[in-house]
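In order, the protein sequence lines correspond to chains A and B. Each residue of the first sequence is one higher than the one before, starting from 1 at the first, in the numbering used here. Each residue of the second sequence is one higher than the one before, starting from 1001 at the first, in the numbering used here. Okay, so here's the structure we're looking at.
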Amino acid sequence: MSISEYNGSAIVAMAGKDCVALATDTRFGISFKTVSTDFDRVYKMGPRIYMGMAGLVTDMYTVSARLRFRLNLYELRENRPVAPRVFFSMITNLLYERRFGSYFSAPVVAALDPVNGKPLIAAYDCIGDLEVVNDFFADGTSTEQLLGICETLWKPNMDSEELYEVISQCLLNAQDSDALAGWGAQVYIIEKDKVTKKTLKARLD
Amino acid sequence: MDFSIGIKGQDYVILAEDMNAAHSIILNQQDHTKMLDLNDHLLLARTGELGDGVQCAEYLQKNIQLYQLRNGYEMRSNAAANYIRKYLADSIRSQEPMNVNILLAAYDTISKEPQLYYIDYMGSMATVPFAAHGHGALFSLGIIDRYYSRSMSRDEALSVLKKCIVELKKRFIVNYTSFNVQVVDSQGIHQLDRIVA
Chain A
1 MSISEYNGSA IVAMAGKDCV ALATDTRFGI SFKTVSTDFD RVYKMGPRIY
51 MGMAGLVTDM YTVSARLRFR LNLYELRENR PVAPRVFFSM ITNLLYERRF
101 GSYFSAPVVA ALDPVNGKPL IAAYDCIGDL EVVNDFFADG TSTEQLLGIC
151 ETLWKPNMDS EELYEVISQC LLNAQDSDAL AGWGAQVYII EKDKVTKKTL
201 KARLD
Chain B
1001 MDFSIGIKGQ DYVILAEDMN AAHSIILNQQ DHTKMLDLND HLLLARTGEL
1051 GDGVQCAEYL QKNIQLYQLR NGYEMRSNAA ANYIRKYLAD SIRSQEPMNV
1101 NILLAAYDTI SKEPQLYYID YMGSMATVPF AAHGHGALFS LGIIDRYYSR
1151 SMSRDEALSV LKKCIVELKK RFIVNYTSFN VQVVDSQGIH QLDRIVA
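Laid out in structure tokens, this is it:
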């Protein structure tokens, strides 16, 4: 078991028509032992920017706290909420600073562009390689399972109702095939006028 | 080979820990206390390396007391937990990491909520209704899963704790002679009777 699989996680982000969704599992474990079954992996970084973090939990806390620090200073200086693409670059910078001695945690960011309302999904590796994708992205210990089912079920221009159904089914079924992720799911559906958070009941094993 | 266990109720958190102080195959002491009061409503139970544990716990205790002296009020439970987490997260990537796992029992006097924090030696943290560190955790967590409810009374929580201890006595290779039990509630930290296995 590698260090980034030590705690177990499953994160998926999916784009729809003028909406984007982010879903994570809620298990926190130490190797095969489950410690918590309602663990929160999602951080709100802006009115329509939500970041989920996969990988080692201690680095998840450290990276999100350091990022929050930089984000707060930016917003104090600029006197406005950060734009998504600027925030994406902020993450890259923070992670690449630790190029030789990296954090073992990588974010998945789901955002709505404030100008045109289009969905943005930012995918990273643990040293800050940024890829902005237009369909979906999966991370954590269930990556392979998630990619398979997402590829099958995703289609472009889904509205928020359908997007919620699709992302929920993708996550719930993928994490059932992964011993290290599961015990519940949190789904955030981000739209222009509102953000909805739903907690799903999953297989409790 | 240490073992610590915490159970959170409506208005209390019970922490229990074994009292062995051992180095390799030698048992130096059988009534060694490994819990420390960080302030009036924060109790820390540590497992892992004995020397690291003492250094870590005393350092944290002094700094949390200093916060209180400087500001005139107690450090809140969430703040203290995050402070402890950061200390361990910095330690893990330093030259000499601390090998200390922590259970932090707290009562937040402002929100009037008890809290139990599970903090790993790497700085992973979770807020949990019950938790345990050490090999004994593998025997205990299933038992608590079966009998736990948020509304359980202190006596019920203690009886669940005793069930875990009976199981350890029966099936765990390490012999724990006694357990130190303390409870944190709105009135502060109280010592309960030792449980002799």
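Virtual Cβ for every residue (Gly too), placed ideally from N, Cα, C.
Unbroken alpha helix (DSSP H) runs of no fewer than 4 residues, entirely contained in the region 1036-1078 of chain B, are found at 1050-1071, following chain order.
About 4 angstroms separates the beta carbons of A15 of chain A and P119 of chain A, which is inside the 8 angstroms limit, making them a contact pair. Under the criterion of beta carbons closer than 8 angstroms, D139 of chain A and I11 of chain A qualify as touching, at roughly 5 angstroms. According to the DSSP assignment, T26 of chain A belongs to no alpha helix (DSSP H), since it is labelled neither H nor E. The region 1013-1029 of chain B makes no contact with the region 56-68 of chain A, as fewer than three CB pairs between them are under 8 angstroms.
At least one beta carbon of chain A lies nearer than 9 angstroms to the beta carbon of G1123 of chain B. K194 of chain A counts as exposed, since fewer than 16 other beta carbons sit within 10 angstroms of its beta carbon. Under the DSSP definition of a beta bridge, S105 of chain A partners with A:G55. Taking 9 angstroms as the cut-off, the beta carbon of T92 of chain A is found closer than this to the beta carbon of G128 of chain A. Nearest Cα to T1127 of chain B within the set B:H1135, B:P1114, B:Y1118: B:Y1118.
With a threshold of 16 other beta carbon atoms within 10 Å, Y1059 of chain B falls short and is exposed. Bounds of the alpha helix (DSSP H) holding F87 of chain A are 84-96. Judged by DSSP secondary structure, V1160 of chain B falls within the alpha helix (DSSP H) whose first and last residues are 1154-1171. Going by beta carbons, R1154 of chain B and K1008 of chain B fall outside the 9 angstroms limit. Assignment of K33 of chain A by DSSP, reduced to helix, strand and coil, places it in the strand class. G1006 of chain B counts as buried, since at least 16 other C-beta atoms from the protein chains shown sit within 10 angstroms of its C-beta. Here I1014 of chain B is bridged, per DSSP, to B:I1007, B:V1183. With the rule of 3 Cβ pairs closer than 8 angstroms, the region 1090-1104 of chain B counts as touching the region 1121-1138 of chain B. Within its own chain, the residues whose Cβ lies closer than 7 angstroms to the Cβ of N134 of chain A, once the five positions on either side in sequence are excluded, are A15, listed in chain order. For Y1147 of chain B, the enclosing alpha helix (DSSP H) starts and ends at 1136-1147. With a threshold of 9 angstroms between beta carbons, T62 of chain A makes contact with chain B.
For D176 of chain A, the enclosing alpha helix (DSSP H) begins and ends at 160-176. Cβ-Cβ separation between D25 of chain A and G184 of chain A: approximately 7 angstroms, consistent with a contact (criterion under 8 angstroms). Distance from the CA atom of S1140 of chain B to the CA atom of R66 of chain A, rounded to whole angstroms, is 36 angstroms. The three-state reading of DSSP puts Q1029 of chain B in strand, counting E and B together. Taking D1031 of chain B as reference, the option from B:S1024, B:N1020, B:Y1087 with the minimal CA-CA separation is B:N1020. Here DSSP, grouped into helix, strand and coil, assigns Y1083 of chain B to helix.
Under the three-state reduction of DSSP, Y61 of chain A is assigned to helix. By the C-beta density criterion, P84 of chain A is buried, having at least 16 other C-beta atoms within 10 angstroms. Legend: CB atoms of the region 2-31 of chain A lying less than 9 angstroms from CB atoms of chain B belong to residues Y6, N7, F28, I30.
Looking at A:A123, A:P114, A:N157, A:M158, the one whose alpha-carbon comes closest to that of T143 of chain A is A:A123. DSSP places S1091 of chain B within a helical segment (H, G or I) once states are collapsed to three. A Cβ-Cβ contact shorter than 9 angstroms links S1091 of chain B with C1056 of chain B.
Interface flag for G55 of chain A against chain B is unset, since no Cβ pair is found closer than 9 angstroms. Two segments are said to touch when three or more pairs of C-beta atoms, one from each, lie closer than 8 angstroms; by this definition the region 1180-1192 of chain B touches the region 1032-1045 of chain B. Under the DSSP assignment, G1188 of chain B falls in the beta strand (DSSP E) whose first and last residues are 1188-1191.
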